[in-house]
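**Student:**
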Amino acid sequence: MSALVKNYNRRRIAFKKGKGSFLYSTTGKKYLDFVQGIAVNSLGHSNSKLIKAIQKQSKKVWHVSNAFVIPEGERLAYRLKSKTFADNVIFQNSGAEATEAAIKIARRYFYSLGKPNKNRILCVKNSFHGRTLATIFASGSKKMTEGFGPRVNGFDHFDFGNHKSLKKKISKNTAAIMVEPVMGEGGIKVIPHWCLKELRKICNKKKILLILDEVQCGVGRSGKFFAFEYANVKPDIVPIAKGIGGGFPIGAVLMTKKVASCMVPGSHGSTFGGNPLAMSVGNAVLDQIFKKGFLKNIQKISKYFHKELIKIKNDYPKIIKDVRGLGLLIGLKLFNNQTNFIKKLENNKLLTIKAAENVVRILPPLNVSKIEVDLAIKIIRRVCKQTKV
Numbered sequence: 000m001s002a003l004v005k006n007y008n009r010r011r012i013a014f015k016k017g018k019g020s021f022l023y024s025t026t027g028k029k030y031l032d033f034v035q036g037i038a039v040n041s042l043g044h045s046n047s048k049l050i051k052a053i054q055k056q057s058k059k060v061w062h063v064s065n066a067f068v069i070p071e072g073e074r075l076a077y078r079l080k081s082k083t084f085a086d087n088v089i090f091q092n093s094g095a096e097a098t099e100a101a102i103k104i105a106r107r108y109f110y111s112l113g114k115p116n117k118n119r120i121l122c123v124k125n126s127f128h129g130r131t132l133a134t135i136f137a138s139g140s141k142k143m144t145e146g147f148g149p150r151v152n153g154f155d156h157f158d159f160g161n162h163k164s165l166k167k168k169i170s171k172n173t174a175a176i177m178v179e180p181v182m183g184e185g186g187i188k189v190i191p192h193w194c195l196k197e198l199r200k201i202c203n204k205k206k207i208l209l210i211l212d213e214v215q216c217g218v219g220r221s222g223k224f225f226a227f228e229y230a231n232v233k234p235d236i237v238p239i240a241k242g243i244g245g246g247f248p249i250g251a252v253l254m255t256k257k258v259a260s261c262m263v264p265g266s267h268g269s270t271f272g273g274n275p276l277a278m279s280v281g282n283a284v285l286d287q288i289f290k291k292g293f294l295k296n297i298q299k300i301s302k303y304f305h306k307e308l309i310k311i312k313n314d315y316p317k318i319i320k321d322v323r324g325l326g327l328l329i330g331l332k333l334f335n336n337q338t339n340f341i342k343k344l345e346n347n348k349l350l351t352i353k354a355a356e357n358v359v360r361i362l363p364p365l366n367v368s369k370i371e372v373d374l375a376i377k378i379i380r381r382v383c384k385q386t387k388v
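Read in order, the letters of the sequence shown are residues 0 to 388 in numbering that gives the first Met the number 0.
1) Have a look at D235, G185, P234 and H192 and flag the residue whose alpha-carbon is nearest the alpha-carbon of Q215.
2) For N172 versus N116, is the C-beta distance shorter than 8 Å?
3) I'd like to check one pair, S45 with G17: are the Cβ atoms closer than 8 Å?
4) Report buried or exposed for M0, applying the criterion of at least 16 other Cβ atoms within 10 angstroms of its Cβ.
5) Distance check for Q337 and T351, CA to CA, integer angstroms please.
6) Along the alpha helix (DSSP H) that carries P431, what are the first and last residues, could you check?
7) Within the region 102-171, note down every full alpha helix (DSSP H) run reaching 4 residues or more, in order along the chain.
8) Tell me the rounded alpha-carbon separation between K342 and E371.
9) According to DSSP, V189 sits in a beta bridge with which residue or residues?
10) Who are the near neighbours of T255 in its chain, counting only those whose CB is closer than 6 Å to its CB and skipping five residues on each side?
11) Write down every uninterrupted run of the alpha helix (DSSP H) in the region 6-39 whose length is 4 residues or greater and which is fully enclosed by it, in chain order.
12) Let's test the definition: count the other Cβ atoms within 10 Å of the Cβ of V34 and tell me whether it reaches 16, buried, or not, exposed.
13) Residues bridged to Q91 by DSSP?
14) Got a sec, what are the start and stop residues for the alpha helix (DSSP H) G281 sits in?
15) For my contact list, V252 and V4 are in at a C-beta cut-off of 8 Å; report their separation, rounded to the angstrom.
16) Verify whether the separation of the beta carbon atoms of A133 and P238 is less than 8 Å.
17) Name the two residues that bound the continuous alpha helix (DSSP H) containing K50.
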């Protein structure tokens with residue numbers, strides 16, 4: 000009997016090794032892994048360049064306190080600044096911590112302006128921003144917050160796509176609007192580009208901040224470094240994690256100079272955030288993602304993947320209701336139970352994972368090959384054929 004707490008409904012499968020897009024189970028079976036740690040292993044399993052970076056840094060220094068300058072973190076922050084909207088960066092260990100820090104920064108910003116009551120964050124109902132006490136209440140999900148009272152105050156919610164509701168919820172105490180450009184856990188729902196533009200206009204008009212949570216959809220997953228780039232908007236604060244570490248725990252909050260000015264020594268901290276080992280891995284990830292043609296290739300292969308999935312949907316219109324997503328953050332909304340479908344995919348050696356709204360989430364590594372995508376398409380088509388309507 001496992002000594003682990005049963006807070007996960009784990010599948011009865013374990014792995015002994017991974018390479019690229021594939022995982023090898025302890026029983027010797029080979030699986031095409033299109034979960035990749037839920038968009039974490041951005042460059043696949045056992046990436047040789049990430050291994051080299053870890054080995055090299057591990058022989059130098061793993062961890063020092065943020066009481067000292069960490070050159071590896073300085074370099075990673077500068078590179079993020081050079082390639083994005085951001086002027087400044089704070090490093091964390093995870094997406095939940097990054098989102099939590101984003102909330103703190105937004106509130107601290109208005110506090111520094113002498114407006115301590117301007118501290119409420121407006122979010123999409125049933126979104127996902129992490130598992131800390133603050134972020135579960137930011138998500139506005141009854142399921143996630145059940146049993147974790149008292150309620151963490153300071154969050155208001157509007158329904159996805161309901162602009163009238165959004166505008167009504169903005170008050171004199173609203174500090175920021177926080178949304179995911181592509182809702183991952185929430186069902187792979189893409190916020191339209193025009194909508195992101197409108198959010199930016201509303202924030203400008205109301206003089207509040209725009210936080211775009213790119214923990215899951217960022218760092219190349221969409222085919223651009225950030226998903227919001229398609230809308231050509233400039234946010235104020237962006238939390239990231241998952242893909243930036245390629246499997247190693249790294250989170251970060253990117254922000255404009257205006258917002259960063261409120262963060263003074265002692266206002267926020269992290270024991271492990273920004274440690275030399277993590278920062279070395281992050282730099283190795285960026286070496287590959289910033290390589291010429293890398294993001295263009297994601298756009299090309301994801302376009303092909305979406306096109307082929309739509310063909311399957313059209314051939315099996317009573318099984319697949321919708322093909323959703325952006326880039327290599329893909330969802331298949333089904334008519335029937337997603338759990339059975341995911342199990343059948345697993346039996347055919349393709350690993351996928353759930354999202355809300357009866358969606359099967361598909362998350363290949365960003366360097367996935369066309370051959371591997373074709374294999375996934377073949378398996379999905381086979382399972383559709385095997386599925387009784």
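Quick reminder that beta carbons are idealized off the backbone N, C-alpha and C, glycines included.
**Tutor:** Reading off the structure:
1) Out of D235, G185, P234 and H192, G185 has the C-alpha closest to the C-alpha of Q215.
2) Closer than 8 Å, so yes.
3) Contact flag set, yes.
4) With fewer than 16 Cβ atoms within 10 Å of its Cβ, M0 is classed as exposed.
5) T351 and Q337 have their alpha carbons spaced roughly 10 Å apart.
6) This structure does not reach residue 431, given that the chain is present from 0 up to 388, and the question cannot be answered.
7) Counting only runs of 4 or more, we get 132-138, 141-144 and 162-168.
8) Between K342 and E371, the C-alpha separation is close to 19 Å.
9) In DSSP, V189 forms a bridge with V181.
10) Closer than 6 Å at the Cβ level, and outside the excluded window around T255, lie D86 and D235.
11) If you keep only unbroken alpha helix (DSSP H) runs of at least 4 residues inside the region 6-39, you get 35-38.
12) V34 sits buried, since 16 or more C-beta atoms from the chains shown fall within 10 Å of its C-beta.
13) Per DSSP, G250.
14) Looking at the DSSP string, the run of the alpha helix (DSSP H) that includes G281 is P275 to I288.
15) With 8 Å as the limit, V252 and V4 do not qualify as a contact, their Cβ atoms being about 29 Å apart.
16) Judged by their CB atoms, A133 and P238 are not nearer to each other than the 8 Å cut-off.
17) Here the sequence assigns Ile to residue 50, which means Lys is not the residue at that position. Unbroken alpha helix (DSSP H) run through I50: S47 to S57.
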